[in-house]
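Chains as they are written, first to last, in our numbering: chain C, 3 to 310; chain Z, 362 to 811. Beta carbons are placed, not taken as given, at the ideal position from N, Cα and C, and that holds for glycine. The model shown is predicted, which means the values in this text are computed figures rather than measured ones. So the structure is just underneath, and the comments pick up after that.
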Amino acid sequence: MKHCMSIAEMTRDEVELVLDRAASFQEVADREIKKVPALRGRTILTLFYEASTRTRSSFELAAKRLSADTVSFAASGSSVEKGESLKDTVLTLAAHSPDAIVVRAPWAGTPQLVSQWTDAAIVNAGDGKREHPTQALLDLFTMRQQLGPDLEGRSVWIVGDVAHSRVARSLIRILVLTGVHVTVCGPPTLIPADITALGCNVTYDISGIKDADVVYTLRLQHERMTAAGLLPSLGEYAARYQINDSRLKPSQVVMHPGPVNRGVELSGAVVDSPQAVITMQVKAGVVVRMAVLYELLAGARSERKETA
Amino acid sequence: MIIRAPHATTDVLIRGVHAVDPRSDLDRPVDVLVRGGVIERITDAGGLDAEGLTDLPTLDGRELHLFPGFFDPHVHVRTPGQGYKETIATGTASAAAGGFTGIVAMPNTRPTVDSTAVFGALLETARKEAVIGIGFTACITKEMAGKELTEMAALKDLGAIAFTDDGMPVADAQIFRMACRYQQLVGALLMLHEEEPALSGGGAMNEGAVSAALGISGQPNIAESALIARDAAIAGYEGARIHVQHLSARESLDAVRTAREHGVQITCEASPHHLSLTDEACRNLDTHCKMNPPLRTEADRQALIAAVLDGTIDCIATDHAPHSRDEKALPFEQAPFGTTGLETSFAASYTELVLGHGLPLSRLIYLLTSGAELCDVAPATLTEGTPADLCLVDLDRRWIVGEDGYVSKSANCAFDGHELQGKVVLTLCHGSVAHRDATLADSFDLAEAR
Numbered sequence: 003m004k005h006c007m008s009i010a011e012m013t014r015d016e017v018e019l020v021l022d023r024a025a026s027f028q029e030v031a032d033r034e035i036k037k038v039p040a041l042r043g044r045t046i047l048t049l050f051y052e053a054s055t056r057t058r059s060s061f062e063l064a065a066k067r068l069s070a071d072t073v074s075f076a077a078s079g080s081s082v083e084k085g086e087s088l089k090d091t092v093l094t095l096a097a098h099s100p101d102a103i104v105v106r107a108p109w110a111g112t113p114q115l116v117s118q119w120t121d122a123a124i125v126n127a128g129d130g131k132r133e134h135p136t137q138a139l140l141d142l143f144t145m146r147q148q149l150g151p152d153l154e155g156r157s158v159w160i161v162g163d164v165a166h167s168r169v170a171r172s173l174i175r176i177l178v179l180t181g182v183h184v185t186v187c188g189p190p191t192l193i194p195a196d197i198t199a200l201g202c203n204v205t206y207d208i209s210g211i212k213d214a215d216v217v218y219t220l221r222l223q224h225e226r227m228t229a230a231g232l233l234p235s236l237g238e239y240a241a242r243y244q245i246n247d248s249r250l251k252p253s254q255v256v257m258h259p260g261p262v263n264r265g266v267e268l269s270g271a272v273v274d275s276p277q278a279v280i281t282m283q284v285k286a287g288v289v290v291r292m293a294v295l296y297e298l299l300a301g302a303r304s305e306r307k308e309t310a
Numbered sequence: 362m363i364i365r366a367p368h369a370t371t372d373v374l375i376r377g378v379h380a381v382d383p384r385s386d387l388d389r390p391v392d393v394l395v396r397g398g399v400i401e402r403i404t405d406a407g408g409l410d411a412e413g414l415t416d417l418p419t420l421d422g423r424e425l426h427l428f429p430g431f432f433d434p435h436v437h438v439r440t441p442g443q444g445y446k447e448t449i450a451t452g453t454a455s456a457a458a459g460g461f462t463g464i465v466a467m468p469n470t471r472p473t474v475d476s477t478a479v480f481g482a483l484l485e486t487a488r489k490e491a492v493i494g495i496g497f498t499a500c501i502t503k504e505m506a507g508k509e510l511t512e513m514a515a516l517k518d519l520g521a522i523a524f525t526d527d528g529m530p531v532a533d534a535q536i537f538r539m540a541c542r543y544q545q546l547v548g549a550l551l552m553l554h555e556e557e558p559a560l561s562g563g564g565a566m567n568e569g570a571v572s573a574a575l576g577i578s579g580q581p582n583i584a585e586s587a588l589i590a591r592d593a594a595i596a597g598y599e600g601a602r603i604h605v606q607h608l609s610a611r612e613s614l615d616a617v618r619t620a621r622e623h624g625v626q627i628t629c630e631a632s633p634h635h636l637s638l639t640d641e642a643c644r645n646l647d648t649h650c651k652m653n654p655p656l657r658t659e660a661d662r663q664a665l666i667a668a669v670l671d672g673t674i675d676c677i678a679t680d681h682a683p684h685s686r687d688e689k690a691l692p693f694e695q696a697p698f699g700t701t702g703l704e705t706s707f708a709a710s711y712t713e714l715v716l717g718h719g720l721p722l723s724r725l726i727y728l729l730t731s732g733a734e735l736c737d738v739a740p741a742t743l744t745e746g747t748p749a750d751l752c753l754v755d756l757d758r759r760w761i762v763g764e765d766g767y768v769s770k771s772a773n774c775a776f777d778g779h780e781l782q783g784k785v786v787l788t789l790c791h792g793s794v795a796h797r798d799a800t801l802a803d804s805f806d807l808a809e810a811r
């Protein structure tokens, strides 16, 4: 693996490689000294053009636990505000010869573009609404922890604003890749008509959710919704699509990429219940990102070494 | 959800009346027994003679016609907030006087019917006041501002019949598209007031020879037809179901026909005033003839009549729009748009279409009742066991509109002073007397059921 740009470009073997590696790092997270020397002396930069606490801190922690040096670059309070272009920003950072750059930007395809201006391994932390591959990897990792290593034939429902979600797009892809049945559900104004091209089913009716093994809910952004005619109100969304006790069976696993709008996509009671494994997802995020960075920089047959 | 206030029913035997009901294949003299709120028996004339029903009020129907109660999918009852011009009580009474047993109310009121709170309150009022069946639409967008969708799913659950911003178009194409997509969740009809505001420019009448002579800004036909074409394209793309309200221009008929050829689920209505009158009626600046869309040219009127005859028009709807005397006593350009129409709908349509253009009577009855099916409501029929929603009409009676005043609270009728033929003399709604013409009292006595 040279980069981690998208699930679309990953093979099944690469997915399994990352998840196996993540499992091996799990034990590190439980130690008192949570560090392995695998990436000591390597430099990992995070380049975030969008605000983020969860994802950025998750990547930084992953890098540090592998003993790498990390530097964070956020768009606000930086040269970007002075009008520096993406290319010049990347060239400036590339001058430090980083081993990896973790990129998040509101524009699809940014990681690909960045890779043209640096030799560093590129990790996509979210590009526009297109992909968020490490989120999908940690989500699959979490599902396997809950339901066992073989998810072939299982059913996952993704509920909410699929149209604007890179999390959904990556997740649909990784689940379809690993043989899971995916159903996407939400109001017709938030589900693109052609999303079925990714290999999932679509329904606007939540009642079939009782047959799902995993219920994965997405965050709703209210301000954007009502103004664009996408949703009349959060109340109407919650009445039709909220995951709450009346819609859930006790055996179902509930997931959410965070941050949660309590009372909107999930009821507070469900968020606090043992069925919701949101904090497990966060824990999984660090080990999965450790695995991605490891496989890119130190893993078997790392292409970086060969071309050095 | 159609709501009626409970009323005592009347039992009556109607003898020898000529019944016409296209849905029951009826077009002949019959005897009808109405009892306990339903049509208990309906037989060929003379068929109930032997039944010994002598203690029932009996009506000699041999000079009259019997039709299923009419349904109007486009009525303004001005509730909430504008009760000085019409209420649910007066609006439904006016409808009953026109032979209607079901109407659908528009939501452009004060406040607009765009929330579950307002909608729920409206239903409560209707349960007390409705003389005939009334259903309510809710707005497509909040405050009809065309920017944010209303909680259509919740409103449908509460009983909204359909959704419309009538009075306003949904001008923003993206918002309209989202309404079409959201319809897949809600399942209710979108009724559309098709007026591209950039083209209509607030014109007070039809753009044509009359407006040119008067120097009054007019609405061109294209303001209606262009928006119909746009909305039909979007609806077709999204598989949505739309209904064009108060269609008035010949180009609009072309737009509807073309859309249908492309498989778009599009229906349309025409009003009696657009079928009978033209912008010539505005030449003297009579504000009773100011409505939106405006009365158009004779060419448009003839095209509309032809469209009724060839089946392009799906139903007749009055767009009954009451306004107070003071509101209409303003300069033409300032007066509000609208004419009442419930009490004249049958007579105007019968006079113009049946007598004037040979439309079969049964087809007229179909067009006066098909609005129900569009709204997913079962239309009234003259069949045994169904609720007695019917009207008795004297087809030969000629009368001057407004000579006896109006049942509506408002008197702004475009047909005021016109002579029309065909008078509704009795309307029963679920077996209750909703309207009885003064002349009917002479021929028999309808006692209330004990």
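Against Leu546(Z), the close residues of chain C are Pro189, Pro190, Thr191, Tyr206, Asp207, Arg242, in the order they occur along the chain (beta-carbon pairs closer than 9 angstroms). Residues of the segment 572-600 of chain Z that bring their beta carbon within less than 9 angstroms of a beta carbon in chain C comprise Glu599, in sequence order.
If you draw a straight line from the Cα of Pro683(Z) to the Cα of Thr191(C), it comes to about 37 angstroms. Against chain Z, the beta carbon of Thr228(C) has neighbours under 7 angstroms at Glu509, listed in chain order.
Under the Cβ distance rule, Gln535(Z) counts among the residues neighbouring chain C, one pair being separated by less than 9 angstroms. Taking the beta carbon of Met539(Z) as reference, the chain C residues within 8 angstroms of it are Thr191, Ala230, Gly231, Leu232, listed in sequence order. Tyr598(Z) counts as exposed, since fewer than 16 other beta carbons sit within 10 angstroms of its beta carbon. Under the 10 Å beta carbon count, Gly766(Z) is surrounded by fewer than 16 other beta carbons and is classified as exposed. Secondary structure within the segment 691-766 of chain Z: the alpha helix (DSSP H) runs of 4 or more consecutive residues, fully enclosed, are 706-710, 722-730, 732-735 (chain order). Gly763(Z) is the residue among Lys784(Z), Cys790(Z), Gly763(Z), Leu787(Z) whose C-alpha sits nearest the C-alpha of Gly778(Z). In this structure, the alpha-carbon of Gln626(Z) lies about 21 angstroms from that of Ala499(Z). In the structure shown, the three-state DSSP call for Cys643(Z) is helix. In this structure, DSSP gives Arg264(C) an extended state, which the three-state scheme calls strand. Interface criterion met: the Cβ of Ser235(C) is under 9 angstroms from a Cβ in chain Z. Contact between the segment 152-162 of chain C and the segment 204-221 of chain C is present: three or more C-beta pairs spanning the two stretches fall below 8 angstroms. Take Met257(C), set aside five residues on each side of it, and the residues of its chain with a beta-carbon closer than 8 angstroms to its own are Asp141, Thr144, Met145, Val216, Val217, Tyr218, Thr219, Ala278, Val279, Ile280, Gln283, in chain order. The DSSP assignment places 203-205, 216-219 as complete runs of the beta strand (DSSP E) inside the segment 197-246 of chain C, in order along the chain (cut-off: 3 residues).
Excluding five sequence positions before and after Ala515(Z), the CB atoms of its chain that fall closer than 6 angstroms to its own CB belong to Thr477, given in chain order. The segment 3-10 of chain C makes contact with the segment 290-300 of chain C: 3 or more CB pairs, one atom from each, lie closer than 8 angstroms. In the three-state reduction of the DSSP assignment, Ile577(Z) falls in the coil class, being assigned neither a helical nor a strand state.
Residues of the segment 240-270 of chain C whose Cβ lies closer than 8 angstroms to any Cβ of chain Z, in chain order: Ala241, Arg242.
Taking the Cα positions, Val38(C) is about 21 angstroms away from Leu139(C). Per DSSP, Leu140(C) is one residue of the alpha helix (DSSP H) stretching across 135-149. Not a single C-beta of chain C is nearer than 9 angstroms to the C-beta of Lys784(Z). In this structure, the alpha-carbon of Val266(C) lies about 32 angstroms from that of Thr48(C). In this structure, Pro429(Z) is the residue among His379(Z), Pro429(Z), Leu420(Z) with its C-alpha nearest to the C-alpha of Ile726(Z).
Contact between Ile589(Z) and Glu555(Z) holds: their C-beta atoms lie close to 5 angstroms from each other, under 8 angstroms.
If you check the CB distance, Leu703(Z) and Val436(Z) come in under 9 angstroms.
Met513(Z) reaches chain C at Pro234, Glu238, counting residues in chain order whose Cβ is nearer than 9 angstroms.
In the three-state DSSP reduction, Lys517(Z) falls in the helix class (H, G or I). If you check the CB distance, Gln535(Z) and Gly201(C) do not come in under 9 angstroms.
Pro429(Z) has Leu751(Z) as its beta-bridge partners, per DSSP. Note that the C-beta distance between Ile103(C) and Ile46(C) is below 9 angstroms. Between the alpha carbons of Pro367(Z) and Thr470(Z) lies a gap of roughly 25 angstroms.
Listed along the chain, the chain C residues whose CB falls inside 7 angstroms of the CB of Arg542(Z) are Pro190, Thr191. C-alpha of Leu608(Z) to C-alpha of Gly459(Z): approximately 21 angstroms in a straight line.
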